[in-house]
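Numbering (this note's numbering), first residue to last: 998 to 1556.
Below is the structure:
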């Protein structure tokens, strides 16, 4: 470490720990004035900027690599930023993959999990697997506080051993949060008057223009007089119109301080009955939950797996989503009577209307497809999709994803289809992003093929809303059952397969029935709106009843 770096960075780290981001920036800016070629300072500025100014972060990293082309940390960080930007522009993914491939021989162990995730999203599966398997990469992520990378391991699950391994990884990661909380526990106040209203809290950075907020909307739209609602934003961001609307409907909407313990004390001061976490480790702050600021805490909506925290009492699910085996959930299942989610008007608009004629009617061939996120793909899945196409002569497959703009991604996908005898000219890659553009392309898709083992959620809802039936494979763990629950709650349980062979059979049989495809397309929205999946007021009533029952039950440890 250079003398300048050794002098500056301790102060920068201390400022960041205290939440003084501007002071940290000023110290690094001063370092660059002292030494304009300090690549490390640009990397540190990029790390600070990630949360609220990704474009600035990327510029700092590019400058760091101009100054020091061999800077591995800057290379990996830039690749990470570009892989996120690939959600908007696919070519960025290509650059990200090439950056990682260029430093593979020099990758430190600390960067392998992240690098493997970038390669996996780019469909470079062999290179990703060479960096480590599910167990190795997942445990490293758990031990080094990289919980977002645990989600990536779910796409690799094939066996019961794998499922239990992913659960173990979550417990391993949660253990560090629990130890930190145990060192300086908080005390929950008890000053509320008996008989006061129930207090329900929501912790999430996504109670804004985000799909999480849209799925949670029924609870804020159809209030229950038995409850007071409290919302907590774990990161400082200016409110948008969705957050402002939610804030106008609840008792309080609080911005939490940067320190987890201090944030937990803010939550505890509201004396909640139940705190619901809506985002898990995906951009939220589970460290707050480890302090148990509410006597009962539950996971719902935003993360398809147990957090692994002993402080979490419940996992909100439904009879279709809950795992058949108790050893695949840390929390106690808290079951909605029908659906665990609701497709609200805020997210699922009347426009665009469903295209009345099916693609097979217009073209003479069946078009399969997917709009699922590419990190959920895996070699076994691609070969299964190819088997379906091989069994339906003349059929085509469309991939509607920003990653489709990366040549390496397209080439890899095409190779897996070719291995099952499906030529590349039967594949259509649509490098688009944004729900409006994706919805338009559903007009060209007859049947959606879901990802597995990590299935769709919002994507499955979107496809069904646009009249495109989705075939899904249902497994043992929560992340393998999301689409199965949605299909069952949409009145289409026959599209949920129990085995890969069933998955292929259901897809092929449906492709052989154009009349059934047309019927499913033209009745899709009526079917959804006639069921709890499409009835926000009914959903809210069930949800509040469930929370009231959980509060009344009062777990033994809280008495």
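Backbone N, C-alpha and C fix where the C-beta goes; we use that ideal spot for every residue, glycine too.
If I measure Cβ to Cβ from residue i and keep anything under 8 Å in the same chain, skipping five residues before and after, which residues do I get?
{"i": "residue 1444", "result": "1363, 1364, 1365, 1366, 1465, 1466, 1467, 1468, 1504, 1507, 1508 and 1514"}
{"i": "residue 1554", "result": "Reliability fails at residue 1554, whose pLDDT of 47 lies under 50, so the model's placement of it is uncertain and no value is given."}
{"i": "residue 1556", "result": "At residue 1556 the pLDDT is 39, less than 50, meaning the model places this residue with poor confidence; the figure from the coordinates comes in the next sentence. Excluding sequence neighbours, residue 1556 sits near nothing in its chain."}
{"i": "residue 1539", "result": "1333, 1334, 1335 and 1529"}
{"i": "residue 1004", "result": "none"}
{"i": "residue 1473", "result": "1157, 1160, 1320, 1321, 1322 and 1325"}
What residues in its chain sit with their C-beta under 7 Å from that of residue i, if we drop five residues either side in the sequence?
{"i": "residue 1535", "result": "1529"}
{"i": "residue 1031", "result": "1001"}
{"i": "residue 1060", "result": "1039"}
{"i": "residue 1202", "result": "1230, 1231, 1232, 1276, 1280 and 1281"}
{"i": "residue 1402", "result": "1086, 1087, 1088 and 1428"}
{"i": "residue 1125", "result": "1113, 1116 and 1117"}
{"i": "residue 1173", "result": "1142"}
{"i": "residue 1522", "result": "1351 and 1462"}
Closest by CA to residue i, which one among the options?
{"i": "residue 1079", "options": "1242, 1399, 1410 and 1039", "result": "1399"}
{"i": "residue 1339", "options": "1100, 1479, 1370 and 1125", "result": "1479"}
{"i": "residue 1039", "options": "1014, 1016, 1015 and 1009", "result": "1009"}
{"i": "residue 1160", "options": "1299, 1303 and 1128", "result": "1303"}
{"i": "residue 1107", "options": "1172, 1074 and 1244", "result": "1074"}
{"i": "residue 1459", "options": "1470, 1432 and 1475", "result": "1432"}
{"i": "residue 1272", "options": "1179, 1248, 1255 and 1228", "result": "1228"}
{"i": "residue 1186", "options": "1336, 1497, 1209 and 1264", "result": "1264"}
{"i": "residue 1258", "options": "1196, 1313, 1192 and 1176", "result": "1176"}
{"i": "residue 1486", "options": "1287, 1262, 1253 and 1335", "result": "1335"}
{"i": "residue 1395", "options": "1442, 1384 and 1014", "result": "1442"}
{"i": "residue 1144", "options": "1269, 1098, 1346 and 1300", "result": "1300"}
{"i": "residue 1236", "options": "1205, 1494 and 1056", "result": "1205"}
{"i": "residue 1199", "options": "1544, 1549 and 1550", "result": "1544"}
{"i": "residue 1476", "options": "1502, 1532 and 1447", "result": "1447"}
{"i": "residue 1495", "options": "1289, 1317 and 1129", "result": "1317"}
{"i": "residue 1533", "options": "1416, 1417, 1383 and 1337", "result": "1337"}
{"i": "residue 1157", "options": "1212, 1321 and 1289", "result": "1321"}
{"i": "residue 1420", "options": "1387, 1007, 1094 and 1154", "result": "1387"}
{"i": "residue 1500", "options": "1390, 1385, 1393 and 1416", "result": "1385"}
{"i": "residue 1207", "options": "1179, 1240 and 1196", "result": "1240"}
{"i": "residue 1435", "options": "1376, 1390 and 1348", "result": "1348"}
{"i": "residue 1181", "options": "1312, 1234, 1510 and 1285", "result": "1285"}
Take residue i and list the residues in its own chain whose beta-carbon comes closer than 6 Å to its own, dropping the five residues that flank it on each side.
{"i": "residue 1438", "result": "1397 and 1427"}
{"i": "residue 1267", "result": "1227"}
{"i": "residue 976", "result": "It is not possible to answer for residue 976, since the shown part of the chain is limited to 998 through 1556."}
{"i": "residue 1134", "result": "1110 and 1113"}
{"i": "residue 1493", "result": "1469, 1471, 1481 and 1484"}
{"i": "residue 1255", "result": "1016"}
{"i": "residue 1549", "result": "none"}
{"i": "residue 998", "result": "Low confidence applies to residue 998: its pLDDT is 48, below 50, so where it sits in the model is not reliable, and the reading given next is rough at best. Closer than 6 Å at Cβ, skipping near neighbours: no residue."}
Give the range of the alpha helix (DSSP H) segment to which residue i is assigned.
{"i": "residue 1380", "result": "1376-1388"}
{"i": "residue 1410", "result": "1404-1415"}
{"i": "residue 1116", "result": "1106-1118"}
{"i": "residue 1089", "result": "1087-1100"}
{"i": "residue 1339", "result": "First-last for residue 1339: undefined, no H or E at that position."}
{"i": "residue 1483", "result": "1479-1486"}
{"i": "residue 1360", "result": "1356-1360"}
{"i": "residue 1057", "result": "1051-1064"}
{"i": "residue 1455", "result": "1455-1462"}
{"i": "residue 1135", "result": "1131-1140"}
{"i": "residue 1078", "result": "1069-1082"}
{"i": "residue 1520", "result": "1511-1526"}
With respect to the beta strand (DSSP E) encompassing residue i, which residues constitute its N-terminal and C-terminal limits?
{"i": "residue 1425", "result": "1424-1427"}
{"i": "residue 1548", "result": "Where residue 1548 is concerned, there is no enclosing beta strand (DSSP E), although the alpha helix (DSSP H) it sits in stretches over 1533-1550."}
{"i": "residue 1395", "result": "1393-1397"}
{"i": "residue 1469", "result": "1467-1470"}
{"i": "residue 1444", "result": "1444-1446"}
{"i": "residue 1225", "result": "1224-1230"}
{"i": "residue 1195", "result": "1195-1200"}
{"i": "residue 1496", "result": "Where residue 1496 is concerned, there is no enclosing beta strand (DSSP E), given that its DSSP letter is neither H nor E."}
{"i": "residue 1476", "result": "Run containing residue 1476: none; DSSP gives neither H nor E here."}
Determine whether the Cβ of residue i lies closer than 7 Å to any Cβ atom of chain D.
{"i": "residue 1114", "result": "This model lacks chain D altogether, as it is built from one protein chain only."}
Do three or more CB pairs link the region 1445-1458 to the region 1136-1154 at distances below 8 Å? yes
Complete beta strand (DSSP E) runs within the region 1249-1329 (minimum length 3 residues, chain order): 1249-1252, 1271-1274, 1293-1296 and 1311-1314
Within the chosen definition, does the region 1286-1295 reach the region 1303-1312 through at least 3 CB pairs nearer than 8 Å? yes
Is it a yes or a no for the region 1324-1332 touching the region 1184-1201, going by three-plus beta-carbon pairs under 8 Å? Look at the beta carbons and you see the region 1324-1332 not touching the region 1184-1201: under three pairs across the two are nearer than 8 Å.
With three or more C-beta pairs closer than 8 Å as the rule, is the region 1217-1227 touching the region 1243-1255? yes
Entirely within the region 1006-1033 and at least 4 residues each: give me those alpha helix (DSSP H) ranges in chain order. 1018-1031
Contained beta strand (DSSP E) runs [length at least 3] in the region 1144-1177, N- to C-terminal order: The qualifying runs do not exist here; there are none.
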